[in-house]
Amino acid sequence: MMKRRSLATPYGRDMPSSTTKDEEVEWEMRPGGMLVQKRVDKSSDVVPAPNLRLRIAFGALRYEISASSQSTFGELKKVLTAETGLQPGDQRLIFRGKERENGEYLDMCGVKDRSKVMLIEDPGSIERRANQMRRNAKIQTAHRAISDVCMEVDKLEEQVTAIEKSISNGVKVAEVQITTLIEMLMRLAIKLDNVSAEGDASAQKSLQSKRVQKCVETLDVMKISNAEVKPVVVTTKWETFDPPPTTAKWEFFD
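Every position in the sequence shown, counted from 1, becomes a number in the working numbering once 24 is added.
Below is the structure:
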């Protein structure tokens, strides 16, 4: 900021008493290196900056917004965030064929009422959004795969519980039932290993893997217990009856 002190007239004579008071003028550097007189905020002297109606072209979309002529392009981006959903850092504003910096003022760049400003999305932002969409799709696929495995584990877990109850009651179970369940559970474990998961999906995957492992360990223990169960032999006891005594019936003749 620069200050100029005016003490005398151009002819070297003192100014009249009404104007001999020291006059201070403040200067400021505007974007582009231009030195201009600083705007003084005095309610009695300052004339409000006019509002401009700007036409914003964003692809096939069109917006009309109002902004002060003394606003910066950075401030304009903040207004456009509410309209477009794009964050200021993801916006690029083009005026008269040139991308404008955040600190440039509208009036200093020649923006007038009804001027057209082009808005484009930063290419880096487009790439980041595409990567995020691919990541979200990957996470959703992992969640669906883990959910499918969870439902299958629920069904097999019920069968494991039923077999465990039978063996605890002394009922011998066909060994093929136990081995078949173990094989089915191992297939689910392999399916879980092939699921690429991260974040919450990874935690769900770990939980289901522990459930499968617990069921397999339970079945391994039940195989030993089932082998010690003696099969129940069911026999039918027949009731025998003694034949009735036979008596000879004699016929008498006169």
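By construction, the Cβ of each residue, glycine as well, lies at the ideal position given by its N, Cα and C atoms.
Candidates the options, of which the one nearest residue i by Cα
i: serine 226; options: Ile163, Ile202 and Arg152; result: Ile163
i: isoleucine 80; options: Ser95, Glu107, Gln94 and Gly127; result: Glu107
i: glutamine 228; options: Met210, Ala169, Arg77 and Ala251; result: Ala169
i: serine 220; options: Arg159, Glu182 and Asn250; result: Arg159
i: alanine 84; options: Glu222, Val197 and Leu143; result: Leu143
i: aspartate 224; options: Glu88, Ala166 and Gly109; result: Ala166
i: isoleucine 187; options: Ile202, Glu176 and Met175; result: Ile202
i: cysteine 239; options: Lys189, Lys196, Glu181 and Val253; result: Glu181
i: cysteine 174; options: Arg116, Met157, Ser139 and Leu212; result: Leu212
i: asparagine 193; options: Glu222, Gln156, Lys254 and Lys234; result: Lys254
i: serine 139; options: Ile150, Gln156, Leu117 and Met157; result: Leu117
i: isoleucine 191; options: Ile248, Asn218, Glu176 and Ile150; result: Ile248
i: phenylalanine 82; options: Glu252, Glu176, Ile214 and Thr105; result: Thr105
i: threonine 96; options: Arg86, Tyr87, Arg124 and Pro74; result: Arg124
Pairwise C-alpha distance: residue j and residue i
i: alanine 161; j: valine 141; result: 35 Å
i: arginine 152; j: glutamate 128; result: 27 Å
i: leucine 111; j: isoleucine 89; result: Going by the sequence as given, residue 111 is glutamine instead of leucine. C-alpha separation (whole angstroms): 17 Å.
i: aspartate 46; j: proline 72; result: Confidence at aspartate 46 is low in this model, with a pLDDT of 45, below 50, so the placement of that residue should be treated as unreliable; the coordinate-derived value is given next. If I take the Cα positions, the gap works out to 27 Å.
i: lysine 189; j: methionine 210; result: 22 Å
i: lysine 102; j: methionine 132; result: 19 Å
i: serine 233; j: alanine 154; result: 32 Å
i: valine 195; j: glutamate 222; result: 44 Å
i: glutamate 176; j: glutamate 252; result: 30 Å
CB contact check: residue i to chain D, cutoff 9 Å
i: valine 219; result: Absent from the structure: chain D. Only one protein chain is present.
9 Å Cβ cutoff met for residue i and residue j
i: leucine 243; j: valine 184; result: yes
i: glutamate 3; j: asparagine 250; result: Because the chain in this structure spans residues 25 to 278, residue 3 falls outside the shown range and cannot be described.
i: asparagine 126; j: glycine 98; result: yes
i: valine 236; j: leucine 216; result: yes
i: aspartate 137; j: leucine 76; result: yes
i: methionine 246; j: valine 197; result: yes
Supposed close pair residue i, residue j - CB separation, criterion 8 Å
i: aspartate 114; j: glutamate 145; result: 6 Å
i: serine 171; j: leucine 130; result: Not really, about 53 Å apart at Cβ, beyond 8 Å.
i: glycine 134; j: arginine 120; result: 7 Å
Where are the alpha helix (DSSP H) runs, 4 residues long or more, that stay fully inside the region 174–219, in chain order? 199–217
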